[in-house]
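Residue numbers (this note's numbering), protein chains in the order written: chain A, 639 to 707; chain B, 3 to 517.
We put the CB at the ideal spot given by N, CA and C, even for glycine.
Single-structure report; data block below.
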């Protein structure tokens, strides 16, 4: 990814406004793909249904001292 | 009752990911500091070869950093997914250093790693050196916060238990921050990382000298690695000794298990150099002992005893009895928070609550525990003696070997005899995996020796695990093994490729000058 950006940045230096627009577009796409990938990971593994619900009552049960104070 | 399959699988997953992550960490720590040394010489002397050396070793540092940095994040995720009760119970304390580590690693370390690679033509010499120094400081600081968190697990200080929220709460951040165990672990671990970096540079440079390539770069690199490595390997021994001394105060059972000291000896205790610990017979066969040494190391005295496993189990039995009273009182308090008698009993015995909780592995209600179950719980406080005994000895043996290796390298360097000493170059080359083995064994001793506790004397490991089906953990464990194995293959491939290309073929050093 870095390599692509370096190349594009170099083109931007040489090519002017068009290349800078291309760089912005490329960065935008990369950020979007990255956000989508993170959202997918979150949805698949870390969203609420995947998280064990643990609170004081749950810990009380786990340690066999009762659920509520 | 707790599903022990889930406990074992979760432990295995955390152990594997932690050991895998620690393949990258020490090299990052070590190489970052070696880069600082090389670039400092470049800034001070203006000699271009030192800049090229910094760039070449920086490239290998970059591959290791890129491949390894993210492998630590999955460990932090596991606290939420696999260790939910642990996270609830101690998250208030444990979370703070982990968050700070994240800030250090991602905001400081990663930012300056970027500047290191892309700043050569954009920053002044001094400016770039400052960036390299900040990379090294960032690496060490992120290690510091992790080791503060880990040190607290070994020696929980600066915290109080709140029976209403059922969690440990921070009472003194400075106590957590300046926990002596954490400080000793930090300097010991970072120094071990420097040794890993030094052996890496020494071994790769030896390979170039054996092949007659990049000779000026390799000789200078070996000289840096030898001197830095010798200083660090001596430090590792001294700082490891400090860690051991602190463990003998806070984790007496760990020390007794490492030494396979079943019975308390008359002080000063002897150090067992060799032997075969027998867990069934609770004795060590074919012991070879050095008189006085353990007493001196563990107590820094000749009249203090080093308690043996049997005596420590006896102590654990007494603490379990007290822990049962704490558990019963806590149960009463959970039913009626205004129960003054229960509160008073809990306050008197809460120090031993963790020992009472050990019984939950054998019985649903600790107050109903039979003498046999109490006996089982007391003996469950003994970690795996043979594993600790051997891991510690191999680690120490390797540590002593590194001192000899670096001393030999310094001798040859001062005599300008590297190129003639092929036997030494081969030893240096084949030593490449050894510092990783020593570092991994060090973690095995530290963490396996902490068992059966997640938080020493506070929370047994089996109670910290999430209530998930074993199949969930098997699926994620399989995923980790496949993904991390692929990452390891890519890392080794890239490293081998760059090392084989070398500074000459990568354009960092003219090929004509390399022979």
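{"Query": "With a CB to CB cut of under 7 Å and the five nearest residues on each side skipped, what residues in its chain are close to residue 238/B?", "Result": "190, 193, 194, 197 and 401"}
{"Query": "Exposed or buried, which one is residue 59/B when buried takes at least 16 other CB atoms within 10 Å?", "Result": "buried"}
{"Query": "For residue 460/B versus residue 87/B, is the C-beta distance shorter than 8 Å?", "Result": "no"}
{"Query": "Does the beta carbon of residue 366/B come closer than 8 Å to any beta carbon on chain A?", "Result": "yes"}
{"Query": "For chain B, find out if any of its Cβ atoms is closer than 8 Å to the Cβ of residue 660/A; answer yes or no.", "Result": "no"}
{"Query": "Which word fits residue 32/B, buried or exposed, when buried means at least 16 other C-beta atoms lie within 10 angstroms of its C-beta?", "Result": "buried"}
{"Query": "When DSSP labels each residue in this structure, what does residue 252/B get in the three-state scheme?", "Result": "helix"}
{"Query": "Note the first and the last residue of the continuous beta strand (DSSP E) segment covering residue 289/B.", "Result": "285-292"}
{"Query": "Step through the CB atoms of chain A and report whether any lies within less than 8 Å of the CB of residue 359/B.", "Result": "yes"}
{"Query": "Just how far apart, CA to CA, sit residue 73/B and residue 484/B?", "Result": "13 Å"}
{"Query": "Which residues in chain A have a C-beta closer than 9 Å to the C-beta of residue 329/B? List them in chain order.", "Result": "701, 702 and 703"}
{"Query": "At the level of alpha carbons, what is the spacing between residue 331/B and residue 701/A?", "Result": "13 Å"}
{"Query": "Among residues of its own chain, excluding the 5 on either side of residue 2/B, which ones have a beta-carbon nearer than 6 Å to its beta-carbon?", "Result": "Outside the shown range of chain B (3 to 517) lies residue 2/B, about which nothing can therefore be said."}
{"Query": "Please go through the same chain and pick out, in chain order, the residues whose beta-carbon is closer than 7 Å to the beta-carbon of residue 245/B, but skip the five residues on each side of it.", "Result": "186, 187 and 190"}
{"Query": "What does residue 689/A reach in chain B if we use C-beta pairs closer than 8 Å?", "Result": "82, 83 and 86"}
{"Query": "Just to make sure I have the definition right: I need the residues of chain A whose C-beta is within less than 7 Å of the C-beta of residue 332/B. Which are they?", "Result": "703"}
{"Query": "For residue 9/B versus residue 470/B, is the C-beta distance shorter than 8 Å?", "Result": "no"}
{"Query": "With 16 other CB atoms within 10 Å as the buried threshold, where does residue 338/B fall?", "Result": "exposed"}
{"Query": "Specify the secondary structure class of residue 376/B as computed by DSSP and reduced to three states.", "Result": "helix"}
{"Query": "Just to confirm my understanding: we take residue 414/B, look at its own chain, exclude 5 residues before and 5 after, and list those with CB closer than 7 Å. What are they?", "Result": "420, 423 and 426"}
{"Query": "Taking the continuous alpha helix (DSSP H) assigned at residue 183/B, which residues delimit it?", "Result": "182-212"}
{"Query": "When you compare only the Cα positions, how much space is there between residue 456/B and residue 96/B?", "Result": "12 Å"}
{"Query": "Where does residue 305/B land, buried or exposed, given buried means 16+ other C-beta within 10 angstroms?", "Result": "exposed"}
{"Query": "Which residue marks the beginning of the beta strand (DSSP E) containing residue 276/B, and which one marks its end?", "Result": "273-280"}
{"Query": "Suppose only complete runs of 4+ residues qualify. What are the alpha helix (DSSP H) ranges in the stretch 315-387 of chain B, listed by chain order?", "Result": "342-351, 355-359 and 373-381"}
{"Query": "Thinking C-alpha only, which one of 428/B, 463/B, 503/B and 508/B is nearest residue 211/B?", "Result": "428/B"}
{"Query": "In chain A, which residues lie with their C-beta within 7 Å of the C-beta of residue 470/B?", "Result": "690"}
{"Query": "Rounding to the nearest angstrom, what Cα-Cα distance links residue 677/A and residue 685/A in this structure?", "Result": "10 Å"}
{"Query": "Over the uninterrupted beta strand (DSSP E) stretch that includes residue 169/B, give me the two end residues.", "Result": "169-172"}
{"Query": "Please report the distance separating the alpha-carbon of residue 681/A from that of residue 453/B.", "Result": "34 Å"}
{"Query": "On the CB-based measure, 16 or more other CB atoms within 10 Å of its CB, does residue 232/B come out buried or exposed?", "Result": "buried"}
{"Query": "Using the Cα positions of residue 444/B and residue 397/B, report the straight-line distance between them to the nearest angstrom.", "Result": "6 Å"}
{"Query": "Can you give me the C-alpha to C-alpha distance between residue 64/B and residue 119/B, rounded to a whole angstrom?", "Result": "8 Å"}
{"Query": "I need the straight-line Cα distance from residue 172/B to residue 278/B, nearest angstrom please.", "Result": "43 Å"}
{"Query": "Can you name the residues of chain A whose CB is closer than 8 Å to the CB of residue 167/B?", "Result": "694"}
{"Query": "Measure from the C-beta of residue 337/B to each C-beta in chain A and report whether the shortest distance is under 8 Å.", "Result": "yes"}
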